[in-house]
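Protein chains: 2
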Amino acid sequence: MTYSSKTKQSDISLSNCGYSKVLDIISNKWTVLVIYAMENGKIRYGEMLRRVEGISKKMLTQTVRKLERDGLVQRHIIPTVPPSVEYSLTPLGETLLQPMKELRQWGRVNYTQVVEARANYDFAYTTTEEKFRL
Amino acid sequence: MTYSSKTKQSDISLSNCGYSKVLDIISNKWTVLVIYAMENGKIRYGEMLRRVEGISKKMLTQTVRKLERDGLVQRHIIPTVPPSVEYSLTPLGETLLQPMKELRQWGRVNYTQVVEARANYDFAYTTTEEKFRL
DNA sequence: CAGCATCCGCCACGATACTG
DNA sequence: CAGTATCGTGGCGGATGCTG
Numbered sequence: 001m002t003y004s005s006k007t008k009q010s011d012i013s014l015s016n017c018g019y020s021k022v023l024d025i026i027s028n029k030w031t032v033l034v035i036y037a038m039e040n041g042k043i044r045y046g047e048m049l050r051r052v053e054g055i056s057k058k059m060l061t062q063t064v065r066k067l068e069r070d071g072l073v074q075r076h077i078i079p080t081v082p083p084s085v086e087y088s089l090t091p092l093g094e095t096l097l098q099p100m101k102e103l104r105q106w107g108r109v110n111y112t113q114v115v116e117a118r119a120n121y122d123f124a125y126t127t128t129e130e131k132f133r134l
Numbered sequence: 001m002t003y004s005s006k007t008k009q010s011d012i013s014l015s016n017c018g019y020s021k022v023l024d025i026i027s028n029k030w031t032v033l034v035i036y037a038m039e040n041g042k043i044r045y046g047e048m049l050r051r052v053e054g055i056s057k058k059m060l061t062q063t064v065r066k067l068e069r070d071g072l073v074q075r076h077i078i079p080t081v082p083p084s085v086e087y088s089l090t091p092l093g094e095t096l097l098q099p100m101k102e103l104r105q106w107g108r109v110n111y112t113q114v115v116e117a118r119a120n121y122d123f124a125y126t127t128t129e130e131k132f133r134l
């Protein structure tokens, strides 16, 4: 969705690869964090705004609407004054939690190695002139 | 990487959440597809270009360089004329394959439900006037 | 064959202000 | 409290052309 889907048929295309379909859903800045905020059950709009550091009201609304459209999130409006709204994962949304947690686990375990690899790479491709400044 | 990392500390921030760290690596248009292309072992540049439908040379090079920098991919230059280059996953890169496959599996199993949910949502929020045209 | 250089359009995202 | 409306922008990604 994020990108135009004008791709022809092939063995690995954006249209028929399962990866792409998932990316179509979760590959943007805030989606996974918002889902993450709901992993323990119902949560109110304002509470999410506080828990997901750095997100703006605009992006939170936009993200949560998209997830609702995708059938991953439910929206419960509680008619009080002022109104409050609770969000939670649907059963379908819950099923996404498991694979996501494994990815998170991978990140926790391996990210330091990635950071090291980057440092090595950057050092190796640094000009000798720049190296002398260290 | 895709986005600026100017976020303060919090319980869910871009900097300390495992999800974000993984997204930092795989969340862009082509990365997962390129990794996918290497899941069965060595593969040459031109072969990837053909297998990953729709990717341009620029983006393939860019993606593969980033993965190399992250320590997930190895580059083997074979000194022939004209030169050929083989790419393959590193041991670290291989470890990412498992969680990625589960995500792909999730996509295969559940994507149709997502598509249905979207159709329902769009229909529900279509104006009655537009509905009459159906 | 396997790239790199350049130019450019587009849209995801951020900031700000207003509302029921 | 939980949103909408509007405007501005950075940089991702596409297209094209050139090299060793």
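From first to last, the protein sequence lines are chains A and B. For what it's worth, UniProt numbering labels the leading residue of the first sequence as 1, then goes sequentially. For what it's worth, UniProt numbering labels the leading residue of the second sequence as 1, then goes sequentially. Glycine residues also receive a C-beta, built at the ideal position from the N, C-alpha and C atoms.
For A:V52, the three-state DSSP class (helix, strand or coil): strand
Ignore the nearest five residues each way along the sequence and tell me which others in B:F123's own chain have a CB closer than 6 angstroms to its CB. There are no such residues.
Runs of alpha helix (DSSP H) lying entirely within the UniProt domain "HTH hxlR-type" (17-115) of chain A, each at least 4 residues, in chain order: 18-26, 31-37, 45-51, 57-69
Whose C-alpha, out of A:V32, A:I25, A:Q113, A:G71, is nearest the C-alpha of A:V52? Ranking the options by Cα distance to A:V52, first place goes to A:V32.
Quick check on DSSP: helix, strand or coil for B:Y125? In the three-state DSSP reduction, B:Y125 falls in the coil class, being neither helix nor strand.
Shorter than 8 angstroms from the beta carbon of B:Y121 to some beta carbon of chain A? Interface residue, yes.
Where B:I25 falls, given that 16 or more other Cβ within 10 Å makes a residue buried: buried
Where A:N110 meets chain B, residues with beta-carbon distance less than 8 angstroms: L92, T95, L96
C-beta neighbour in chain A for B:L103, strict 8 angstroms: So, interface residue.
Any idea if A:M48 is buried or exposed, counting beta-carbon neighbours within 10 angstroms, 16 or more meaning buried? buried
When you compare the CB of B:P99 with every CB in chain A, is at least one pair closer than 8 angstroms? yes
For B:V109, tell me which candidate among A:E39, A:R118, A:T95, A:T63 has the shortest Cα-Cα distance. A:T95
Is it the case that the Cβ atoms of A:E86 and A:K42 are separated by a distance below 8 angstroms? yes
Residue environment, B:I77, which counts as buried when at least 16 other CB atoms sit within 10 Å: Looking at its Cβ environment, which holds fewer than 16 other Cβ atoms inside 10 Å, B:I77 is exposed.
Answer with buried or exposed for B:Y125, where buried requires no fewer than 16 other C-beta atoms within 10 angstroms of its C-beta. exposed
Check whether the Cβ of A:Q113 lies closer than 8 angstroms to any Cβ atom in chain B. yes
Measuring alpha carbon to alpha carbon, tell me which of A:I35, A:V81, A:P82 ends up nearest A:G71. It is A:I35 whose Cα lies nearest to the Cα of A:G71.
Pop quiz: B:V73 and B:L89 are said to be a contact at Cβ under 8 angstroms. What is the actual Cβ separation, rounded to whole angstroms? 6 angstroms
Output yes if chain A places a C-beta closer than 8 angstroms to the C-beta of B:K58; else output no. no
Could you check whether the Cβ of B:G41 sits closer than 8 angstroms to any Cβ belonging to chain A? no
Counting C-beta neighbours from all protein chains within 10 Å, is the total for A:T80 16 or more, i.e. buried, or is it exposed? exposed
Going by CA-CA distance only, name the one from B:M38, B:K101, B:F132, B:Y45 that's closest to B:P83. B:Y45
How long is the line joining the alpha carbons of B:E68 and A:R75, rounded to whole angstroms? Note on geometry: alpha-carbon atoms of B:E68 and A:R75 lie some 42 angstroms from one another.
Outcome for B:N28 when other beta-carbon atoms lying within 10 angstroms are tallied against a minimum of 16: buried
Residue nearest to A:I92 in terms of C-alpha spacing, selected from B:E116, B:P91, B:P99, B:M100: Correcting the residue identity first, residue 92 of chain A is Leu in this sequence and not Ile. By alpha-carbon distance to A:L92, the top candidate from B:E116, B:P91, B:P99, B:M100 is B:E116.
Where A:S27 meets chain B, residues with beta-carbon distance less than 7 angstroms: S27
Going straight from the alpha carbon of A:E39 to that of B:V64, what length do you get? Cα-Cα distance, rounded: 33 angstroms.
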